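Participant: In the working numbering, the protein residues as written are 8 to 427.
1) Note down the Cα distance separating residue 25 from residue 46, rounded to an integer number of angstroms.
2) Mind checking whether residue 220 and residue 138 have CB atoms under 9 Å apart?
3) Going by DSSP in three states, residue 73 sits in which element: helix, strand or coil?
4) I'd like the list of long-range same chain contacts for residue 337, defined as Cβ closer than 8 Å, with 5 residues on each side in sequence excluded.
5) Locate the alpha helix (DSSP H) running through residue 153, then write down its first and last residues.
6) Can you tell me where the beta strand (DSSP E) with residue 280 in it begins and where it stops?
7) Report buried or exposed for residue 450, applying the criterion of at least 16 other Cβ atoms within 10 angstroms of its Cβ.
8) Could you check whether residue 102 and residue 89 sit closer than 9 Å to each other, using their CB atoms as the reference points?
9) According to DSSP, simplified to helix, strand and coil, what is residue 416?
10) Between residue 403 and residue 382, which are expected to be in contact by the criterion C-beta below 8 Å, what is the C-beta distance as a whole number of angstroms?
11) For the segment 229–239 against the segment 188–201, are there 3 or more C-beta pairs whose distance is under 8 Å?
12) If you follow the alpha helix (DSSP H) that residue 23 is part of, which residue opens it and which one closes it?
13) Taking the alpha-carbon of residue 279 as reference, which of 259, 197, 75 has the nearest alpha-carbon?
14) Whose C-beta lies closer than 7 Å to the C-beta of residue 94 among residues of the same chain, with five residues either side of it excluded?
15) So the beta strand (DSSP E) residue 231 belongs to, where does it begin and stop?
16) Which whole-angstrom value describes the C-beta separation of residue 307 and residue 351, a residue pair presumed to lie in contact below a C-beta threshold of 8 Å?
17) Output yes or no for whether 9 Å exceeds the beta carbon distance between residue 160 and residue 185.
18) List the residues that DSSP assigns as beta-bridge partners of residue 266.
19) Buried or exposed: residue 262, going by 16 or more other Cβ atoms within 10 Å of its Cβ?
20) Enumerate, from N- to C-terminal direction, the unbroken beta strand (DSSP E) stretches of 3 or more residues contained entirely within the segment 350–391.
21) For residue 216 versus residue 165, is the C-beta spacing smaller than 9 Å?
22) For residue 222, write down the residues that DSSP places opposite it in a beta bridge.
23) Note down the Cα distance separating residue 212 from residue 284, rounded to an integer number of angstroms.
24) Rounded to whole angstroms, what is the Cα-Cα separation between residue 412 and residue 387?
25) Cα-Cα, which of 33, 267, 171 is closest to residue 205?
26) Under three-state DSSP, which class holds residue 92?
27) Could you pull out every residue in the same chain whose Cβ sits closer than 6 Å to the Cβ of residue 34, ignoring the five residues on either side in sequence?
28) Taking residue 373 and residue 355 to be in contact with their CB atoms under 8 Å, please state how far apart those CB atoms are, rounded to whole angstroms.
29) Among all the DSSP beta bridges, which residues are the ones paired with residue 169?
30) Please classify residue 152: is it buried, with 16 or more other beta-carbons within 10 angstroms of its beta-carbon, or exposed?
31) Note the first and the last residue of the continuous alpha helix (DSSP H) segment covering residue 314.
32) Assuming residue 79 and residue 408 are in contact, meaning their beta carbons sit under 8 Å apart, how far apart are those beta carbons, in whole angstroms?
33) Cα separation between residue 342 and residue 416?
34) For residue 43, count neighbouring C-beta atoms within 10 Å of its own C-beta (all shown protein chains included) and say buried if the count is 16 or more, exposed if not.
35) Which of the three DSSP states is assigned to residue 83 in this structure?
36) Which of the three DSSP states is assigned to residue 212 in this structure?
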């Protein structure tokens, strides 16, 4: 006989998984062999959970991509329709409400992209302590008078390569989660320090900056802990949460090259340990002046987009602002349009993911015939899409959907005005 059993050790109280075999031994004995397979079982569970989260992430990213196409159309047409209307007019106010709702929807897709590690990040070298110190004044009113905020930041905490705004989002989301877990009040501890640890799947020590957010709240059971980073999963009452807060945290940390360790138990609070890779590179502060954007122009733009509504509204916006626009719905049609156009093409404005021929291959093909042509990629995913499509040059610009009238025009003008 053989099989797996759970046993609790008498010394530590820790539950272990054993693989036990029983075999007869003469004269009237039974030989019992027990092998501790706890580590193997835990590794298998981690692998299954990782595969599950990856699958959910791909689904979330795909849904967000499709919604971003729709939102680009809604926002752009609302912008066009409100042109020329005076503030206070009923139609203007109605359109403002449409834009407001669309921007709220954009925020939801942004959180989905964060979970799926496909959102736009603007990473730079930052001092984590500086961000945390600046956030203390924001956190106090958010937590309320019944919750004490305790901080402990090592003086020499290292620098990390991350998007400062997204790091703030991580802390805010964890603080809100902790607040909701302490309805009777309690303590929220925020700590930062340097550490060295072997990352999941690694085999050697690596240097990290550890950000720990710890509360004295209700805590979570093992089943809840296993699902807290899934989008739309929430243990709160209906209407009290979207289930995207911790999913967003997970995505931002993963996209920043870090990982999270959660320790929680019912009645004993929760601890979220966020490990971000430490860097010795100096913090860089940009002092370059901001150039005012002149949105209109007269250049020739080749617009390539397989979503007809997105292509139509983008072309309408560009033509209304003086640009000459050539349109195509995929890469092969774009090559034909460009081949039949005798004058220079100043800008290729193309979606990244299209049937038949994607934006990357199109840019490569057209670049040979139009070496002075600027390139602006557009996608419902993020600028990481450039890397995923094999584009590693820093000379290409990117615009994420959903775009508005202003963001499209400003980006087009910015790319056209760049020095070759």
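All residues carry an ideal CB built from backbone N, CA and C; glycine is no exception.
As the structure is a prediction and not an experimental result, all values here were calculated from the model.
Facilitator: According to the structure data:
1) 10 Å
2) no
3) helix
4) 311, 313, 361, 362, 363, 364
5) Looking at the DSSP string, residue 153 is not in any alpha helix (DSSP H), and its letter there is neither H nor E.
6) 277–286
7) Outside the shown range of the chain (8 to 427) lies residue 450, about which nothing can therefore be said.
8) yes
9) helix
10) 5 Å
11) no
12) Premise fails: residue 23 lies in the beta strand (DSSP E), 22–32, not in any alpha helix (DSSP H).
13) 197
14) none
15) Segment 229–232 is the alpha helix (DSSP H) holding residue 231; no beta strand (DSSP E) there.
16) 7 Å
17) no
18) 282
19) buried
20) 354–358, 381–386
21) yes
22) 195, 277
23) 11 Å
24) 16 Å
25) 267
26) coil
27) none
28) 6 Å
29) 131
30) exposed
31) It is not in any alpha helix (DSSP H) - residue 314 carries neither H nor E in the DSSP assignment.
32) 4 Å
33) 24 Å
34) exposed
35) helix
36) coil
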